[in-house]
Amino acid sequence: MSPPYSTLANLTRPWAAFSYGFLDPSAKREMRRKMIKAIAVPGCQMPYASREVPIARGWGTGGLQVTLTLIKPASVVKVIDQGADDSVNAASIRRFLARVSGAAETWDTLAATIVQSRHRIPEERLRDDQVLVLQVPNPEPLRPVQPNMSIARQMHADADYGRLWLVLYEQMVRSGRIMQGAAYPALVNGRHVMTPSPIPRWDVPKLNMARHLTLLSAGREKRLYAVPPFTKVEPLVFSDVPYKVEDHASLTCYRSGLRGVFMNEIPQAAGGSLHEASDSHLGIKAIRRAEGEAVEIGPLWYRDGEFRG
Amino acid sequence: MADPVATPDDLRDNAAFEALMWAMARPGTLHDLPEGLTDLVLALVDRECRVLVDDPALAQVVAATGAALVAAPAADHAFLTRVDSAMAVLAALPAGSPLYADQGATLVLPALLGQGQRLRLTGPGIEGAIETAVGGLPDGFIALRAARCRYPEGVEMVFVDGSRIMALPRSTTVEGM
Amino acid sequence: MAYVATRGGARAIEQAERLYREELGTIDAGRVQGLRDALPWLIDRVMGEASLYDADLAALALAQSGGDLYEAVLLLRAWRTTQPRLAIAAPVLQEDLFTHRRISAAFKDIPGGQILGPTLDYAHRLLATDVLGGADFVPVPVEPAPCAAPSQQPSLAAWQKTMGLVADPPRVDVAGDDIPDVTRQPLLFPAARAHSLQSLARADTGGVLALGYAAMRGYGNAHPTVNELRLAEAEVMVRHPSGVSFSAGRVKVSQAEVTSKGKSGQLELGFCATFGWNEVKVIAGATLDLNAPGAEKGSAVEEEFVLYHTEPVESSGFCIHFKLPHYVTFQSALDAMRGAAVTELAKDEVTV
Chain V
885 MSPPYSTLAN LTRPWAAFSY GFLDPSAKRE MRRKMIKAIA VPGCQMPYAS
935 REVPIARGWG TGGLQVTLTL IKPASVVKVI DQGADDSVNA ASIRRFLARV
985 SGAAETWDTL AATIVQSRHR IPEERLRDDQ VLVLQVPNPE PLRPVQPNMS
1035 IARQMHADAD YGRLWLVLYE QMVRSGRIMQ GAAYPALVNG RHVMTPSPIP
1085 RWDVPKLNMA RHLTLLSAGR EKRLYAVPPF TKVEPLVFSD VPYKVEDHAS
1135 LTCYRSGLRG VFMNEIPQAA GGSLHEASDS HLGIKAIRRA EGEAVEIGPL
1185 WYRDGEFRG
Chain F
37 MADPVATPDD LRDNAAFEAL MWAMARPGTL HDLPEGLTDL VLALVDRECR
87 VLVDDPALAQ VVAATGAALV AAPAADHAFL TRVDSAMAVL AALPAGSPLY
137 ADQGATLVLP ALLGQGQRLR LTGPGIEGAI ETAVGGLPDG FIALRAARCR
187 YPEGVEMVFV DGSRIMALPR STTVEGM
Chain S
10 MAYVATRGGA RAIEQAERLY REELGTIDAG RVQGLRDALP WLIDRVMGEA
60 SLYDADLAAL ALAQSGGDLY EAVLLLRAWR TTQPRLAIAA PVLQEDLFTH
110 RRISAAFKDI PGGQILGPTL DYAHRLLATD VLGGADFVPV PVEPAPCAAP
160 SQQPSLAAWQ KTMGLVADPP RVDVAGDDIP DVTRQPLLFP AARAHSLQSL
210 ARADTGGVLA LGYAAMRGYG NAHPTVNELR LAEAEVMVRH PSGVSFSAGR
260 VKVSQAEVTS KGKSGQLELG FCATFGWNEV KVIAGATLDL NAPGAEKGSA
310 VEEEFVLYHT EPVESSGFCI HFKLPHYVTF QSALDAMRGA AVTELAKDEV
360 TV
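This is how it looks when you write it as structure tokens:
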């Protein structure tokens, strides 16, 4: 039994360059406390202290702190940036995670226990034993109408989203459609409007009534929020104007032949563009399968360009 | 620089939190702690917390983490080993506010899971509805919980039965059956 | 695999890092010590922004980053994250500081005296180019004053209080161990007084100067007079768990107090202190503190605006993050634009 007071001996520990999972136990406990509250109030931004980690702020430090808290030697981590596992920053984060935790690395969505991502959700459906960690640059959906964080907080408290609706309405009047690209605001559990992070509109339905748990974390802005499984995530739309995802359903990946997934556009010197699957490992799997390998491809969220959940 | 290795404490805290996280993310489902209640204390609280406990031995464990021992109105976590004070504690714990929903407390208390009062749960984390049973709670506890959980205000509950836990986040609607 | 082009990431980042480190060459203990000894003011600035007082680590961070201050501060902050908290030091009182330099612009002379201490304020800024030709630039020895200045000095504000010129700032009675800590709690607004002062202490020197200068030029509502500026050393007293207090060492600190006539008819004070000796930062920071009360939301001197935008690690990190690929968000925006163009076209067809 520990003595009733803290001694230097039980406050400190043998010297080590850094703790398991990099974050010290106290930082992890704070993350755990805030993650519990975030799950309990879906879509509501929970402030947290946000420690500095060995990558620059704005480069995934929020997602990294969540993953570092969850990770264990038996974890299998996938890290993507813009859908690609081999994007330089994803590679850097994955290498760091493996190094400080001993966890296994993967590119395969099906094999991962934790998927940390910037700007995309994989095209293969996530299962109920998987955690999706989204890196968030700006956690505040109200920022375009109210840059002041304390006023925005009051607006969330009052469920005062009128000005956000007005912006979308004005876009419709001016441009004939809602011009919001990525980071489309969505109402969570019928109460809090959140930004789903700058994922394309294509990916927002993947959060609605999903089987997996999503944790969204902004390290620089020090806010954490969550979408638990089976939680309503409704993009803000008008009843007579349906939500519209990117028009990628009819595009074909020039590398893998995949159709009906979100695409990267590759401009061509001779004019025009080619397209490639943004979920790069899905593309690799499709190619390997076409070459005769037995590769497992999980069920996709979209079929023939239609979301089927 | 040597790569760090997980200590038994690291692994225990990680496993305890994983159980708690999934319990919160899927209200009404059962999850296993490495050993029991103390795991939750060690995974969650330290000198930045204000904690209510009802048991001298547990109070020592909490004090050694550096957390302050306080009464219910000031507590961010309450760990009960008996239910005799549960009504009074639940009535007094902070439930946060729409402005600061994060300030709602977490209440950990003993219960018999899978027996006793039958409950029907709906809300985030639950596909449709789930039926469960929780026994050993004081009369009126579930009704008091509903009164304290005026979403997004509220208190999170973790029921502990030996090493098994079940959680009710404030977002869950609970109906007696 | 046919996805060759996407497979270079891991190799590319490794080689890019090697290229950077190759330019810096081998870092040894001698280089670190040389930096520490040659650049004390830079070391101070880095320690202040890192909120980590250790000159050796600061010199190491400068060596590793080749003098890129934002990188150096990030290295130190990240290292700080890994360190356990052993104890909380006792509050440091102004009158207990071992004061090297202490000046006031508000009065010709002040109780305790004006002590110039080490400064280049009145030196001519002439580059000693002879050094490049091989002639050493040797400092002329200091001639000791006939009687040493007292090492501890009273606070000028204390005198002003006794004269009824300045009101006591609103006081929050909080035990030393319970002072809110911005490195352990999120910064929310209106901020706890401790959080504001801690944020200013950690703030980017250049950022604080830019906003402080804006306030001085007239974008604030108060014009500062330097009431008192100090460069000092503070004894860091901690209590052993057994109850004994002991000194964990001394740290260099700077503090500035600026003042202006308030609406109440009394003087108002603005305050800023930081680790290390950094006069520009504390004067600019104190000016911002003076201007914060009652500042309009969103104005350049409002607390939220100031503290969010002068955080060195956050602001520099976000700035450079725009180098990261953003082609998914760009694709999403393009799709909306093209969609809108089609809709416009459809409208035109109708009107024609």
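Residue numbers (this note's numbering), protein chains in the order written: chain V, 885 to 1193; chain F, 37 to 213; chain S, 10 to 361. Virtual Cβ for every residue (Gly too), placed ideally from N, Cα, C.
Residues of chain V with CB closer than 8 Å to the CB of residue i, please, in chain order.
| i | result |
| --- | --- |
| F:Leu-180 | Here the premise fails: no neighbours, minimum Cβ distance about 18 Å. |
| F:Pro-174 | Here the premise fails: no neighbours, minimum Cβ distance about 22 Å. |
| F:Thr-43 | Tyr-904 |
| S:Gln-92 | Asp-908 |
| F:Met-214 | Any question about residue 214 of chain F goes unanswered here, given that chain F covers just 37 to 213. |
Which residues of chain C have a Cβ atom closer than 7 Å to the Cβ of residue i, listed in chain order?
| i | result |
| --- | --- |
| V:His-1003 | In the structure shown, chain C does not exist; the protein chains are V, F and S. |
Near residue i, what residues of its chain come up, given a Cβ to Cβ distance below 8 Å and the 5 sequence neighbours on each side ignored?
| i | result |
| --- | --- |
| V:Pro-957 | Ser-985, Gly-986, Ala-987 |
| V:Arg-1172 | Val-1179 |
| F:Ala-42 | Asn-50 |
Which residues does DSSP list as the beta-bridge partners of residue i?
| i | result |
| --- | --- |
| V:Arg-1143 | V:Thr-1136 |
| V:Ser-1157 | V:Pro-1151 |
| F:His-67 | F:Ile-201 |
| V:Asp-965 | V:Ala-968, V:Arg-1002 |
| F:Glu-211 | F:Arg-156 |
| S:Ser-256 | S:Met-246 |
| S:Ala-342 | Note: S:Ala-342 sits in no beta bridge, so no partner. |
| V:His-1076 | V:Val-1072 |
So is residue i buried or exposed if we call it buried at 16+ other beta carbons inside 10 Å?
| i | result |
| --- | --- |
| S:Gly-72 | Note that residue 72 of chain S is Ala in the sequence shown, not Gly. By the neighbour-count rule (16 or more Cβ atoms within 10 Å), S:Ala-72 is buried. |
| F:His-113 | buried |
| S:Met-10 | Annotation note: pLDDT 37 at S:Met-10 (below 50); position unreliable, coordinate value reported separately. It is exposed - the Cβ of S:Met-10 has fewer than 16 other Cβ atoms within 10 Å. |
| S:Leu-33 | exposed |
| S:Trp-50 | exposed |
| S:Pro-155 | exposed |
| V:His-1159 | buried |
| S:Glu-118 | Before going on, a small fix: residue 118 of chain S reads as Asp here, not Glu. Exposed. |
| S:Thr-138 | exposed |
| F:Tyr-187 | buried |
| S:Leu-95 | exposed |
| S:Pro-120 | exposed |
| S:Ser-251 | exposed |
| F:Asp-175 | exposed |
Which chain F residues sit within Cβ distance under 7 Å of residue i?
| i | result |
| --- | --- |
| S:Arg-193 | Glu-84 |
| V:Leu-1097 | Ala-61 |
Residues in the same chain with beta-carbon distance under 6 Å from residue i, minus the five sequence neighbours each way, listed in chain order, please.
| i | result |
| --- | --- |
| S:Arg-30 | none |
| V:Thr-1136 | Arg-1143 |
| S:Leu-343 | none |
| S:Leu-125 | none |
| S:Ala-59 | Val-82, Leu-85, Arg-86 |
| S:Val-41 | Ala-68, Leu-69, Ala-72 |
| V:Lys-1169 | Val-1179, Ile-1181 |
| F:Thr-168 | Gly-64, Leu-155 |
| V:Pro-1006 | Thr-993, Asp-1163 |
| F:Ala-108 | Leu-88, Val-125, Ala-128, Leu-129 |
| S:Ile-112 | Gln-123, Leu-238 |
| F:Gly-102 | Asp-82, Arg-83 |
| F:His-67 | Ala-55, Trp-58, Ala-59, Ile-201 |
Enumerate in chain order the residues of its own chain whose CB-to-CB distance from residue i is below 7 Å, with the five nearest sequence positions on each side excluded.
| i | result |
| --- | --- |
| S:Ser-74 | Glu-80, Ala-81, Leu-84 |
| F:Asn-50 | none |
| F:Phe-195 | Leu-145, Ala-147, Leu-149, Val-170, Ile-201, Met-202 |
So which residues of chain S does residue i contact, with C-beta pairs closer than 7 Å?
| i | result |
| --- | --- |
| V:Val-972 | Gly-18, Ala-21, Ile-22 |
| V:Met-1078 | Simply none; closest approach about 17 Å. |
| V:Val-1029 | Correct list: empty, because the minimum Cβ distance to chain S is about 13 Å. |
Would you mind telling me which residues of chain V sit closer than 9 Å to residue i, beta carbon to beta carbon, in chain order?
| i | result |
| --- | --- |
| S:Leu-197 | Pro-931, Met-1033, Ser-1034, Arg-1037 |
| S:Asp-182 | Here the premise fails: no neighbours, minimum Cβ distance about 24 Å. |
| S:Gly-57 | Those do not exist, as S:Gly-57 stays about 15 Å from chain V at its closest Cβ, beyond 9 Å. |
Along chain S, in chain order, which residues have C-beta atoms closer than 8 Å to that of residue i?
| i | result |
| --- | --- |
| V:Glu-936 | Leu-83, Arg-86, Ala-87, Arg-89, Thr-90, Val-322 |
Practice prompt. For the segment 1131–1162 of chain V, enumerate the residues whose C-beta is nearer than 7 Å to any C-beta of chain S, in chain order.
Written response: Asp-1131, Arg-1139, Asn-1148, Glu-1149, Ser-1162
Practice prompt. Quick one: which residues of the segment 317–336 of chain S get their C-beta closer than 9 Å to a C-beta of chain V? List them in chain order.
Written response: From the segment 317–336 of chain S, only Tyr-317, Glu-320, Val-322, Glu-323, Ser-324, Ser-325, Gly-326, Phe-327, Cys-328, Ile-329, His-330, Phe-331, Leu-333, Pro-334, His-335, Tyr-336 have a Cβ closer than 9 Å to chain V.
Discussion item. Closer than 7 Å between beta carbons: that is the criterion. Which residues of the segment 1090–1121 of chain V meet it against chain F?
Written reply: Leu-1097, Pro-1112, Pro-1113, Phe-1114, Thr-1115
Item to complete: Using a Cβ-Cβ cut-off of less than 9 Å, list which residues of the segment 140–167 of chain F approach chain V; keep chain order.
Response: Gly-140, Thr-142, Gly-159, Pro-160, Gly-161, Ile-162, Glu-163, Gly-164
Worksheet item: Taking a cut of 7 Å between CB atoms, which residues from the segment 936–951 of chain V lie near chain S?
Response: Glu-936, Val-937, Pro-938, Ala-940, Arg-941, Gly-942, Trp-943
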